[in-house]
Structure formats: structure tokens, C-alpha cells
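So the structure is just underneath, and the comments pick up after that.
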Ligand code: ATP
Ligand code: MG
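Structure representation (C-alpha cells):
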């Protein structure tokens, strides 16, 4: 395996950014989650509810008038809500649900853009004891139908345009009893269907105080369907207990402090958008920005400048797009308030970590977790030296391992299955309607993440690839990430996806699909040059044997490269479940 060609980024002086000290994993030997549980507020009846921890505990205390949510709409609208106001809105929505007969354990789904009402409804659902299921608003009718039918949701909260988009599937949703329509600021001129409920009318009738259902820490709170990168999306169910790890990692891995203005760019349709776009900042009592608009490099930098964002959590695809937009763009904005930036969702190429340093003045801190883990499991903390390309070290209280196919731990430096010792606090507690798949993920005393990784002598974890994507070429196991990272170091390459192509002699050969940066034309000469470039960085056996130029890589709606689709297309095989595929 080749070592990263990037230099380690030295540990910052502890006082440089007032970083949370002692989160160098090496210093955390003794750890007990119970200490963290006692930092939660708990319900008066002894139960635990995420909405209480995120909203009510602050509304009932000294942060009542602190801004919880700064909302910037896609048309430049601005609304601010304090924790006190968030409590009132979420209480009202819980009362709306109660009046509709919603009970503990019922599923209430959200199919909305990032409007403040999405956040009110979300926590109202939790207060009512129900399970919230957010769906990404860019989904077409089929993915919505699959998830609504699978979950048996009784209520859907949506908006007029999205309601029209899925009109054809509504008659097929036999469990659905009510549709609540949010016509924000009367944006949509069409009247609300008389069979639907008007959000604002219902909220207007609802009492503004609600006594939170006394949920236990083990009750279900949220279900998220996975991204569908490797196959059919699975409905991972989480418990209220996850709050403790979301709270802790907000401090440790995102370095959230009292005065921060935090921005998480993920949509609540994905787990990052709820665990870190709702729970982590608000359990820590931190003000956060919600930006309704989509990605545009200049618009994103402008958000940071305008709202004086200090902590920014985003994803590799977005960072690669920012890199593609050029280094001049960030220079036009005042980004001096930023003090910590982090990334999750896919492997973060070392190139992107280092680019952060030069373009915005600090490296991106990669962290690893998945829908199933509910919260960050492995991270580059603010207080730790970064090895670009590594996803850091496990958080305190979480044991990660690298095992072979017999579940034996392998030595440092050897690739294997990335596994987790079960029963971390934010562990998922089921795949909805699929207990056999759930059970199959626990083997040999470990939870199998489905990812391959290795750990180095200093305890840093390095992502190799998804188990399904690892390439076996002439007896070598090759992780696509390493090859992709080498490819994008070439100035012409914006994005790369690497697959194993069956080969009669080598079993598989490495094949790369490459999207070029603006200003580069595809040519045989460029292809050869890129191949040479990668061969020099990696060994010949690992470098791609074939490179195809494509305009852009197929991605999931959450922005992940779908290597299985590149492979299916290359081999002329059926494309499988593509309900999560992003459309151009
Ligand atoms: P599906 O399970 O449906 O195939 P998915 O695994 O992409 O989809 P998510 O739960 O959204 O669904 O993504 C988690 C996965 O994303 C991880 O298992 C890992 O493969 C990848 N990932 C997340 N963060 C990182 C990271 N920092 N480095 C490398 N890979 C990451
Ligand atoms: Mg997965």
C-alpha cells in the first residue's frame, strides 16, 4: 500500500482556536458514557426525548431568548427563531398530531424543502412520541412511494409543489391518513386540496403548550433510509438514546462552543442533516444557519460571510465542487470568522484536505460514520494532527476494529473489514421490516460496517473502500479511494470513480472513469498523461489500466459516487435499485 504523499498537518496550539482539549484519543484511556448521560436533562418523568434535549431544556433555561435557528430562504428571505419560539412551534405541532390521533410509535414522514416548518414538525413529531421520517425533497414519486409504503407512515407533511409531484402515488399509500400542506408565505398560488390539512390553519388552532410524551431512551425516534449506494436503501431506525452521542460528538468532533454560528450543509433527508443539522448543534445550545438554497460556490461562501459562520460541516462532493469553481472565488469573500471545518459522507481525498488549508485557511477535518451508526464514530478532532486522507481516530467510548473474514483482528497496516463493537449509544436498532438483514450485520461479536479500512501504528484509521467495491487484481486488493485520490491530484481531473473490470488473466483490472475540470478537453494524449501521472504515484499494478472520460459521475441524491452503477453500465448488466440516483 502506498503512503500518502501529503505531509501531516501539525496539531494546532490548544489556545489557537480554543479547541476542546484532550481529545487526542491517546489521552482518553478511561471513559464512561454514564458521565455524558448525566449531562443530558432527561424528562421530568425520567424518560428521554430528543426534542426535550434539543429544544425544551434551553427554552426552559437561560438560553430561552438565544437564537437557535437562522433561516435564509432560497429567495433571500430571513427568519430567526429563539429556543423559546422553537419550543412554542414544536409544542403546537405536537398538539396538531395529537388531535389527529397520532400515538407513540406511529410514523410521520416529512417531504419538504429546508423550511423552518420542517424543523418545527420534526421536533413536534418526537414530542408526540412518534417516529420522524424525513425524505429528501428532490426525490421523485417512486422513491417516496417505496419509503412511505415500507414505513407505513400515517401522516405526510409536505408542500404544494411536492404534493403535486407525487399526486400519482397517493392512492397507493394505504396507511396514509392525513396530508398536511405547508404553503410557506403563500409561495404557491394554487389552493390547497380540500382533502388535505393546511399547516398554518392547524397550527393556529393548536394550543401552544404540550407536555412531551414520556418516551424512554430505548423508544424509536427517527428512521432514515440509507443512501442506496450499494443497493436498495434500508430504513435504519434510531432511538432517543442516540442524543447522547450526537451531543458528545458535536463537542468533540465538530468542536462546537457556546458562541458558534454553525452551518451543516446536509439536507435532513439524510442522517447528517438530522444528527448534525438538528441534534448536535441544538443539544449543545448552539445557533445554527439553515440555508434553503442549493449549491453554488459563490452563494455558499456568501452564506459564511453574511452569517459569520464559525463551524462548517459539509461533504466531499461539495468540497470537490468548490475546488472545481477555483481558488479565486473564496478570495472574494470574508471567511475570517471560520475556525473549524469538517466533512463526512465519502472518503475525503487528501488533495481536498490540503486545498482547504490554502483556499480557506484551514484543513477540512474528515470524519467517518454511517446511517446505521447514528453519529460520528471516527474523527479528526480539532486538537489533533491531521494526516490527510485519514479519517482520524475513534471517538472515546467507541471501539473500532479491523478484522479478517474470520473476525480476527489484523495487525496495523493491513487492510480488513471495518467493524464496531456493538452497543455504542447511537447504534441503530433495526432495519424497518428487515430483521434478517439487521441480524446479518452482527457477526463474531462485531457490527460489520460493510467498509474496508486499515489502521496505522499511531491508531489513525484509513478508509480503503466499500467491501463491495474493493478490486482484486492479480492477487492484490486495491481500494478505489486510493486510486481516485491519486487521479484527482492531476490538475485536469475534477472527479474520478474507479471499478474492477473482470479480466481473464488478472481476475480484475482497475478501470477509472474521470470527469475533467473546466478548460480541459479529452484526448488520447491527456488520457496517457493521466495514466503516467497515476502510475508514478501508485505502483503499476494498482494504477488504472483503462480510463474513460465522462461528463460527470453518477451519484446518489446525497452526493456519493455510485461505483456499482459505473460497473453495471460498463458490463452491460442491470442497473439494480437506482431509486436514490441523482438526476442531471
Ligand atoms: P447504502 O448503505 O444504501 O449502500 P450508503 O452506505 O452510502 O448507502 P450512508 O449511510 O449514507 O449510506 O453512508 C455511509 C457510508 O458512506 C459509509 O459506510 C462509508 O462507505 C461512506 N462514508 C461516510 N463517511 C466517510 C468517510 N469519512 N470516509 C470514507 N467513507 C465514508
Ligand atoms: Mg451503507
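Residue numbers (the working numbering): 102 to 685.
We put the beta carbon where it would ideally sit given N, CA and C, even for glycine.
As the structure is a computational prediction, the values presented were derived from the model and not from experiment.
Residue range of the alpha helix (DSSP H) that includes residue i
i, result
"residue 424", "417-426"
"residue 181", "Looking at the DSSP string, residue 181 is not in any alpha helix (DSSP H); the run it does join, the beta strand (DSSP E), is 179-183."
"residue 217", "217-228"
"residue 468", "Unbroken run through residue 468 is the beta strand (DSSP E), 465-469; no alpha helix (DSSP H)."
"residue 429", "429-432"
"residue 631", "625-638"
"residue 461", "451-461"
"residue 142", "From DSSP, residue 142 is part of no alpha helix (DSSP H); its letter is neither H nor E."
"residue 582", "581-589"
Identity of the residue in the options nearest residue i by Cα
i, options, result
"residue 609", "616, 615, 599", "599"
"residue 592", "642, 453, 569, 524", "453"
"residue 504", "494, 493, 516, 496", "516"
"residue 538", "586, 343, 473", "473"
"residue 278", "185, 344, 655, 249", "249"
"residue 132", "235, 459, 497", "497"
"residue 649", "661, 626, 639, 272", "626"
"residue 296", "166, 312, 271, 558", "271"
"residue 192", "175, 441, 307", "307"
"residue 340", "358, 361, 376, 329", "376"
"residue 285", "273, 457, 327, 259", "259"
"residue 226", "679, 401, 198, 293", "198"
"residue 165", "358, 387, 205", "387"
"residue 553", "544, 519, 541", "519"
"residue 425", "327, 594, 364", "594"
"residue 276", "597, 470, 257", "257"
"residue 221", "255, 578, 266, 185", "185"
Per-residue DSSP class, three states only, for residue i
i, result
"residue 277", "coil"
"residue 245", "helix"
"residue 550", "strand"
"residue 163", "coil"
"residue 354", "coil"
"residue 233", "strand"
"residue 565", "strand"
"residue 340", "strand"
"residue 496", "coil"
"residue 285", "helix"
"residue 123", "In this predicted model, residue 123 has a pLDDT of only 44, less than 50, meaning its place in the structure is not dependable; the value taken from the coordinates is given anyway. Three-state result, residue 123: coil."
"residue 347", "helix"
"residue 252", "helix"
"residue 673", "coil"
"residue 152", "helix"
"residue 128", "Unreliable placement is indicated for residue 128, whose pLDDT of 49 sits below 50; no coordinate value is reported for it."
"residue 537", "helix"
"residue 399", "helix"
"residue 524", "coil"
Residue span of the beta strand (DSSP E) that contains residue i, given as start and end
i, result
"residue 573", "572-574"
"residue 211", "208-213"
"residue 604", "594-604"
"residue 510", "Residue 510 -> no beta strand (DSSP E), and no H or E assigned at all."
"residue 436", "It is not in any beta strand (DSSP E) - residue 436 carries neither H nor E in the DSSP assignment."
"residue 383", "Run containing residue 383: none in the beta strand (DSSP E); it sits in the alpha helix (DSSP H), 381-384."
"residue 173", "168-173"
CB-CB length for residue i against residue j, believed under 8 Å
i, j, result
"residue 620", "residue 611", "The pair is not a contact, with the Cβ atoms about 27 Å apart (cut-off 8 Å)."
"residue 239", "residue 658", "6 Å"
"residue 237", "residue 142", "About 31 Å separates the two Cβ atoms, so there is no contact after all."
"residue 447", "residue 486", "That belief does not hold up - the Cβ atoms of residue 447 and residue 486 are roughly 23 Å apart, past 8 Å."
"residue 366", "residue 419", "6 Å"
"residue 438", "residue 411", "5 Å"
"residue 549", "residue 475", "At roughly 16 Å, the Cβ-Cβ gap does not stay under 8 Å, so residue 549 and residue 475 are not in contact."
"residue 664", "residue 570", "5 Å"
Sequence-distant residues of its chain with Cβ nearer than 6 Å to residue i (five each side left out)
i, result
"residue 128", "Residue placement at residue 128 cannot be trusted, given a pLDDT of 49 that sits under 50; the coordinates are not used to answer."
"residue 231", "203, 207, 209"
"residue 126", "Caution applies to residue 126, whose pLDDT of 46 falls short of 50 and renders its modelled position unreliable; the value that the coordinates give is listed next. Around residue 126: 494."
"residue 423", "398"
"residue 218", "283"
"residue 406", "434, 435"
"residue 392", "173, 404"
"residue 670", "none"
"residue 354", "468, 477, 480"
Cβ-based neighbour list, residue i, same chain, cut-off 8 Å, excluding 5 preceding and 5 following
i, result
"residue 652", "616"
"residue 676", "666, 669, 670"
Close beta carbons around residue i, own chain, < 7 Å, minus the five adjacent residues each side
i, result
"residue 451", "105, 107, 489, 490, 586"
"residue 323", "232, 233, 339, 375"
"residue 315", "144, 146, 148"
The ligand SAH heavy atom lying under 7 Å from the CB of residue i
i, result
"residue 551", "Absence of the ligand SAH is noted for the structure shown, with the ligand ATP and the ligand MG being the only ligands found."
Neighbour flag for residue i against chain B, beta carbons, 8 Å
i, result
"residue 571", "Judged by its chain identifiers, the structure shown contains no chain B, having just a single protein chain."
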